[in-house]
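Heads up: the sequence shown begins at 97 in our numbering, then just goes up one per residue.
Some notes on the structure that comes next.
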Amino acid sequence: MNVWRYYNETFHFHNGRLLLRGPNGTGKSKALELLLPYLFDANLRPTRLSTFGGSERTMFWNLMGDGYPGTTRVGYVWLECGRTGDDGWFTCGARLQASKHSRNVTATYFVTHRRIDTPGGLSLLTADGRPLTRGDLAAAIGDSGGVFDSAADYRRMVRHTLFPEFTEEQYEALISALLKLRTPKPSEHLDPKELSKLLSEALPVIDQQDVAEIAEGFEKLDRRREELARLAQEVEAARGLAERNRTYARRVLRAAAASLISATSTMDGITRKARESREAYEKAKQRLAELTTEQERLAAEDDELAHRIDGLQESDLFREGQQLDRLRRDADTAAQAAAAAERKAAERAREADDDAAKASAVQAAYEQAEQAADRARGEAGQAAERVGFVASFEEVAAARDVPTARKLLQAAVDSRTRQVDQGRKALYEHVGAVAERRKAETRLEDCREQEARAEARLVEAQTRREEALARLREAIERWCSECRELPLAARLDELVDAAEDENAVMRVVNDAAAAVADELTRAETTLDARRQALAEERARLDAERAELARRTVLAPEPPRTRTADRARLPGGPLWRLVDWRPGVDESTQAGVEAALEASGLLDAWVLPSGELAVDGHDTFADGALTTPAPGSSLADVLTVDPDAPVPRVAALLRGIAFGVTAPDHPAAIGADGTWRLGAARGSWAKPAAGFIGAAAQERARARRIAELTARIEDLDERIAGVRAELDAIAGRREALNAEQRRRPGHDELRAATGQVARAEAEVAARADAVSRAQQEHAAAERRVATALRQLSLVAGEHGLPTEEAALDAVDAALGAYRNKCHAWLDLRQQAATLAGQAQAAAERAARSRRDADAAAQEAAELRRLPRP
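The following block contains the structure:
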């Protein structure tokens, strides 16, 4: 109603369907723009309204464009939805108001369970046919619905009522589908792919967090797929390389196996030597005990031998033996050698015992270090499992020596530390982006609140302006009804519609006032001219009356064709040269004089000689040119004045025939006023003769004075009437000016319009601020998504968590792993050192035992030598 070219149109849906047919320009697309999905969407953006998706036709154009002559327009659009199975109705609509003073359109939305323009329903027009104001609309709806200034509140009410099970995302998807399917001619070139694309575009927007997580999952899948493909390529390459290097590998393995066998043999030898050293040590201890017993026996034997020697020396045989001294010396030497050998054997036995003890202590320390290293390795392996370093730990454990293992450990830990640092950096960037997004959201909410307050102030200002406009319209209606001179009744609707435009109102009023003023001026000018003409005529008549009163001779009015100066001509006019014969009645006199006056003979100049050479133009009568009448002539009713200076008048009278009616003669006069002059003839009548004869002259003068007096009195009355009309016109002019001065002013409306303009400017500024805040928020959202994607990428690539506490736990576990590995490697290094020391101690104990055995054997051999 009152939108675009629709002044009051109702489109009826049949079973929920509407078919619109007609040539281009009849409003098919416009009906869709104004109904669906606008009344679901409540969005005035041109791209949402236009079926083509353009921005040329705004709602402002729908109201004020296309040649609309007014300055303000209020229209309504609505949609009635009936519930199946009962008589319930739900009506949703919008009140749209636009003004040429602003490019904005004020939309007030409403819902009600009443129908529009039905018995018992809701009427959107006032009694005089104007669209309802917002206040009137709210009052008319009352408890049957609600009025909304906020499009979001209205949209929420429509969604909850018509689509109660829809979420906001599903509702937005429905509107998007309607927008897509509303495009012109969608089935003309139906393409399944395009239809699928259209419906896909109408699907609800997925949450960015979900998109990020799904994208992260797909990226992980892509990375796994690429990794698997790369691994497959590497497997193939490895197979080829393995095939080519199998021989080399066998050789390397053979060499490594030989080294391993050698090392195993060495370790077995060391173990065997350690065992043999332990056994040798036990044997050495046992041998030491045996040697000690043997030494004690030998000492007893030595004492016995010494006693025997002493006995032998005292025997005769000794004294008698010639080689006794030499044998004694040899025995002493052997005894000394045996004692030295015994001392050496005892020393070697003690050294063997010390070396065996040291070997045993070193072996025990080695075994303890090996056990500690095994325990440390188990703990390090558990730490490796906690940080996901099993393969790296196995690589470290397989290193040939501790320095290499430390290098491998440090490289793995440094690499993981860098990965954790990258994850922490990505996490901090994401946390910072989230904080910036939170700030942007806060700024956006603040800007929206300020915009909402500005819009509320705008609505309040518009309401005050509507109220001021309504009061002004009422004042204009009262003023128009009180106006008597200004013809505004026929243009009342135009004035009321244009009430908000002071210039338009002034144009209408000024045009009406100018028309009335022009009418008054024309009437005043006409009356003034009439008054002046009447005054001039009165002056002329008064002068004529005075002249008649002053003079005694009357003369006919001179014709316009006379230019000659008769004062210089000889002769005289015919009426002054003749008189009436006695006995001619007055009617005959009046008829003859009327005929003479009508024919021009009455005032024709009669020259004495008949010459016509005069200056100027005039009418002359010459008797010499006439033919005497065969019967009666004017000479029968007229006689020549004896004092006439023209002797030829009598011939002139005899040449003019006379009868009751003008006879058939070249020059004839009838008593009934008819006349004839050659081919010309005519007639006239007058009440009495006034120029021929003295009595006639006196009677004519008296009659003329009476006529002039009556006419002057009539002119006086007419002049007085004209003056009264002029006074009335002056009064109307003053009343016209007073009515113009009483025109209702626009000060209140102008002030309210200024407030609306300022409120609209503030709304525009707040809208710009909201737009900038939305752009900042969108940029912050993109930064959060980018940071989250980077965090997910780094976490997925390196197998890291995305929480700071978890990263701290990974960092702590990594440190624990590093410390455990270093402790294990320290024990491993210590065990390796002790293993070398144990091997050296065992070898040294074995050598000492061999030396002790050799020394004991030597001492035994020396003891077994014969004594002299």
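C-beta atoms are modelled at their ideal positions from N, C-alpha and C, and glycine is treated no differently.
None of these values were measured; they are calculated from a predicted model.
Item to check | 6 Å Cβ shell around residue 626 - same chain, five flanking residues per side excluded | outcome: Position 530 of the sequence shown, counted from the start, is the residue given in the question as residue 626. Excluding positions up to five away in sequence, the list reads 818.
Next on the checklist: For the pair the region 672 to 684 and the region 844 to 859, tell me if three or more CB-CB distances fall below 8 Å.
Outcome noted: no
Item to check | Inter-residue spacing [alpha-carbon to alpha-carbon] between residue 947 and residue 916 | outcome: Walking along the sequence shown from the start, residue 947 turns up at place 851. Walking along the sequence shown from the start, residue 916 turns up at place 820. In a straight line, the C-alpha of residue 947 is about 46 Å away from that of residue 916.
Item to check | Residues of its chain near residue 828, where Cβ-Cβ distance is below 7 Å and the 5 sequence neighbours each way are ignored | outcome: Here residue 828 corresponds to residue number 732 of the sequence shown, with the count starting at 1. Within the same chain, residue 828 has close Cβ partners 581 and 616.
Next on the checklist: Considering only DSSP beta bridges, list what residue 244 is partnered with.
Outcome noted: Position 148 of the sequence shown, counting from 1, holds the residue named residue 244. Residue 244 is bridged to 205.
Next on the checklist: Does the structure place the region 687 to 695 close enough to the region 775 to 784 that three or more beta carbon pairs sit under 8 Å?
Outcome noted: yes
Next on the checklist: Taking only three categories from DSSP, how would you classify residue 680?
Outcome noted: Along the sequence shown, one-based indexing puts residue 680 at 584. In this structure, residue 680 counts as coil in the three-state DSSP scheme.
Next on the checklist: So, for residue 501: in the same chain, excluding its five sequence neighbours on each side, which residues have a beta-carbon less than 7 Å away from its beta-carbon?
Outcome noted: Looking up residue 501 in the sequence shown gives position 405. Closer than 7 Å at Cβ, skipping near neighbours: 492, 495 and 921.
Checklist entry - So which of 280, 802, 912 and 835 has the shortest CA-CA distance to residue 484? => result Here residue 484 refers to the residue found at position 388 when the sequence shown is read from its first residue. Checking every option, the nearest Cα to that of residue 484 belongs to 912.
Next on the checklist: Could you tell me the alpha carbon to alpha carbon distance between residue 631 and residue 787, rounded to whole angstroms?
Outcome noted: For the purposes of this step, residue 631 is identified with residue 535 of the sequence shown, where counting begins at 1. For the purposes of this step, residue 787 is identified with residue 691 of the sequence shown, where counting begins at 1. Cα to Cα, residue 631 sits roughly 28 Å from residue 787.
Next on the checklist: Is residue 618 close to the ligand GDP? I mean its beta-carbon at under 7 Å from any heavy atom of the ligand.
Outcome noted: The model on display carries no ligand, and the ligand GDP is accordingly not part of it.
Checklist entry - In three-state DSSP terms, what is residue 621? => result Taking the sequence shown and counting its residues from 1, one reaches residue 621 at position 525. Residue 621 falls in the helix class under three-state DSSP.
Item to check | Start-end ranges of the beta strand (DSSP E) lying completely within the region 515 to 597, minimum 3 residues | outcome: none
Next on the checklist: Quick check on DSSP: helix, strand or coil for residue 397?
Outcome noted: Reading the sequence shown from its first residue, position 301 is the one you call residue 397. Three-state result, residue 397: helix.
Checklist entry - With contact counted as at least three CB pairs below 8 Å, one residue from each stretch, are the region 138 to 146 and the region 556 to 570 in contact? => result no
Next on the checklist: Tell me the rounded alpha-carbon separation between residue 964 and residue 403.
Outcome noted: Residue mapping note: residue 964 aligns to position 868 of the sequence shown, counting from 1. Residue mapping note: residue 403 aligns to position 307 of the sequence shown, counting from 1. For residue 964, the pLDDT reaches just 49, beneath the cut-off of 50, and the residue's location in the model is therefore unreliable, although a value from the coordinates is still provided. So the two alpha carbons sit approximately 13 Å from each other.
Next on the checklist: Given a cut-off of 8 Å on the beta-carbon distance, is the pair residue 232 and residue 222 in contact?
Outcome noted: Taking the first residue of the sequence shown as 1, we reach residue 232 at position 136. Taking the first residue of the sequence shown as 1, we reach residue 222 at position 126. Contact: yes.
Checklist entry - DSSP on residue 666, reduced to helix/strand/coil? => result The residue given as residue 666 occupies position 570 in the sequence shown. In this structure, residue 666 counts as coil in the three-state DSSP scheme.
Checklist entry - Which residues bound the beta strand (DSSP E) around residue 885? => result Here the question's residue 885 lines up with position 789 in the sequence shown. Note, residue 885: premise wrong, no beta strand (DSSP E); alpha helix (DSSP H) at 843 to 894.
Checklist entry - Across which residues does DSSP place residue 384 in a beta bridge pair? => result Reading the sequence shown from its first residue, position 288 is the one you call residue 384. Note: residue 384 sits in no beta bridge, so no partner.
Checklist entry - If we ignore side chains and look at the alpha-carbon of each, how far apart do residue 680 and residue 733 end up? => result Residue 680 sits at position 584 when you count from the first residue of the sequence shown. Residue 733 sits at position 637 when you count from the first residue of the sequence shown. C-alpha separation (whole angstroms): 6 Å.
Next on the checklist: What residue range does the beta strand (DSSP E) around residue 765 cover?
Outcome noted: Locating residue 765 in the sequence shown gives position 669, where the first residue counts as 1. Run containing residue 765: 763 to 766, per the beta strand (DSSP E) assignment.
Item to check | N-terminal and C-terminal residue of the beta strand (DSSP E) that residue 125 is part of | outcome: Position 29 of the sequence shown, counted from the start, is the residue given in the question as residue 125. Where residue 125 is concerned, there is no enclosing beta strand (DSSP E), although the alpha helix (DSSP H) it sits in stretches over 124 to 131.
Checklist entry - Between the region 603 to 623 and the region 822 to 841, do three or more beta carbon pairs fall short of 8 Å? => result yes
Checklist entry - Cα-Cα, which of 310, 785 and 754 is closest to residue 770? => result If you number the sequence shown from 1, residue 770 lands on position 674. Among 310, 785 and 754, the Cα nearest to that of residue 770 belongs to 754.
Item to check | Top-ranked residue by Cα proximity to residue 956, from 442, 735 and 246 | outcome: The residue labelled residue 956 in the question sits at position 860 within the sequence shown. Out of 442, 735 and 246, 442 has the C-alpha closest to the C-alpha of residue 956.
Next on the checklist: Quick check: what's the CA-CA separation for residue 39 versus residue 556?
Outcome noted: Since the displayed the chain opens at 97 and closes at 964, residue 39 lies outside it and no answer follows.
Item to check | C-alpha gap between residue 240 and residue 173, whole angstroms | outcome: Reading the sequence shown from its first residue, position 144 is the one you call residue 240. Reading the sequence shown from its first residue, position 77 is the one you call residue 173. When rounded, the distance between both Cα atoms is 18 Å.
Checklist entry - Pick from 559, 589 and 563: whose alpha carbon is nearest that of residue 573? => result Looking up residue 573 in the sequence shown gives position 477. Selected option, being the one with the closest Cα: 589.
Checklist entry - Under 8 Å between the Cβ atoms of residue 884 and residue 526? => result As a first step, residue 884 is located in the sequence shown; it is residue number 788 there, counting from the start. As a first step, residue 526 is located in the sequence shown; it is residue number 430 there, counting from the start. Yes, the pair counts as a contact, with Cβ atoms nearer than the cut-off.
Next on the checklist: Can you tell me whether residue 110 is buried or exposed? The criterion is at least 16 other CB atoms within 10 Å of its CB, across all chains shown.
Outcome noted: In the sequence shown, residue 110 corresponds to position 14, counting from 1. Label assigned to residue 110: exposed.
Next on the checklist: Please report the distance separating the alpha-carbon of residue 391 from that of residue 439.
Outcome noted: Locating residue 391 in the sequence shown gives position 295, where the first residue counts as 1. Locating residue 439 in the sequence shown gives position 343, where the first residue counts as 1. Roughly 10 Å between the two C-alpha positions.
Checklist entry - What residue from 643, 579 and 324 has the CA that sits closest to residue 837's CA? => result Start at 1 with the first residue of the sequence shown, and residue 837 comes out as number 741. Taking only the C-alpha atoms, the option nearest residue 837 is 579.
Checklist entry - Is DSSP giving residue 418 helix, strand or coil here? => result Walking along the sequence shown from the start, residue 418 turns up at place 322. Annotation note: pLDDT 48 at residue 418 (below 50); position unreliable, no value reported.
Checklist entry - Three-state secondary structure (DSSP) at residue 920? => result Residue mapping note: residue 920 aligns to position 824 of the sequence shown, counting from 1. Residue 920: helix per DSSP, three-state reduction.
Item to check | Chain-order list of residues whose beta-carbon lies under 6 Å from that of residue 38 (same chain, five-residue window excluded) | outcome: Here the chain has residues from 97 to 964 only, and residue 38 is not among them.
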